[in-house]
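Chains as they are written, first to last, in the numbering used here: chain L, 496 to 605; chain X, -10 to 103. Just so you know, even glycine gets a beta-carbon here, dropped at the ideal spot from N, CA and C.
In structure tokens, the structure reads:
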């Protein structure tokens, strides 16, 4: 079983729609959860972090965490073509380095 | 000036060459990392340094040799690489004790081994 699992996509949504990206993780004691955005040929950029159960909103982005289900998601409201990228889910605990999923490619159609 | 700077951005080297990748962070962080990103694979952690001390080595072949002279600089020395080592090599830094795990990446070095 992979430590962090994501659907590779591509996930295709029309402009203005809500994009929903999902991630599951296997380490029950994970404490910190992150979403990174990576444009083609570029490095990952941190867009959201979440540490406790529930929702966390930042602009058009909402991260959702459910530790009981070992599930974290990212919602992007009013999706724009500029949101087209690969979204990486990452988890960690304590001082351990991040463990990444393989990413979900999002395509926002104009 | 970006937070994490990597040089060179692109590197082509032969299998018998020796080269080094450099990473510098200007964020005051105390942890630095090397990751490898190959096509269609998750980011693979290679090495971790905390306060200049190596704390993780994820079974990386000895042809990759890291060096961390201080908490702001990190090097990856390369020698006798194989074509399958061609990948994007990413450096990252974070601050332990704050938001654990919140790591910031450099722009990466695209390495091609011929």
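A residue is called buried when at least 16 other Cβ atoms come within 10 angstroms of its Cβ; residue 574 of chain L meets this threshold and is buried. When the beta-carbon positions are compared, residue 599 of chain L and residue 541 of chain L stay at least 8 Å from each other. Residue 554 of chain L is outside the set of residues whose beta carbon lies under 8 Å from a beta carbon in chain X. Residues of chain L whose Cβ lies closer than 8 Å to the Cβ of residue 30 of chain X are, in chain order, 597.
Shown here for residue 72 of chain X: same chain residues with a beta carbon closer than 8 Å to its own, the five before and five after excluded, namely 4, 102 and 103 in chain order. DSSP places residue 513 of chain L in no beta strand (DSSP E); its state is neither H nor E. Residue pairing for residue 43 of chain X: DSSP places it in a beta bridge opposite X:38.
Taking 8 Å as the CB threshold, residue 592 of chain L lines the interface with chain X. Distance from the Cα of residue 26 of chain X is smallest, within the candidate group L:594, L:578 and L:604, for L:594.
The criterion of a C-beta distance shorter than 8 Å is satisfied by residue 528 of chain L and residue 560 of chain L.
Where residue 22 of chain X is concerned, the enclosing beta strand (DSSP E) starts and stops at 20 to 26. Relative to the Cα of residue 74 of chain X, the nearest Cα in the group X:28, X:21, X:-8 and X:17 belongs to X:28. Closest in alpha carbon position to residue 23 of chain X, among X:12, X:-8 and X:84, is X:12. Burial check for residue 18 of chain X: the Cβ neighbour count within 10 Å reaches 16 or more, so the residue is buried.
With a threshold of 8 Å between beta carbons, residue 17 of chain X makes no contact with chain L. Secondary structure note for residue 604 of chain L: its beta strand (DSSP E) is the uninterrupted segment 599 to 604.
Close partners of residue 538 of chain L in chain X (Cβ separation under 7 Å): 79, 94, 95, 96 and 97.
Remark: C-beta atoms of residue 63 of chain X and residue 21 of chain X approach each other more closely than 8 Å.
If you compare the alpha carbons of L:604, L:588 and L:502 with that of residue 547 of chain L, the shortest gap goes to L:588.
Taken atom to atom, the span from the alpha-carbon of residue 591 of chain L to that of residue 50 of chain X is near 21 Å. In the three-state scheme derived from DSSP, where H, G and I count as helix and E and B as strand, residue 544 of chain L is classed as strand. The beta-carbon distance between residue 558 of chain L and residue 543 of chain L, rounded to whole angstroms, is 4 Å. This is short enough to meet the 8 Å contact definition.
Contact between residue 567 of chain L and residue 584 of chain L holds: their C-beta atoms lie close to 6 Å from each other, under 8 Å.
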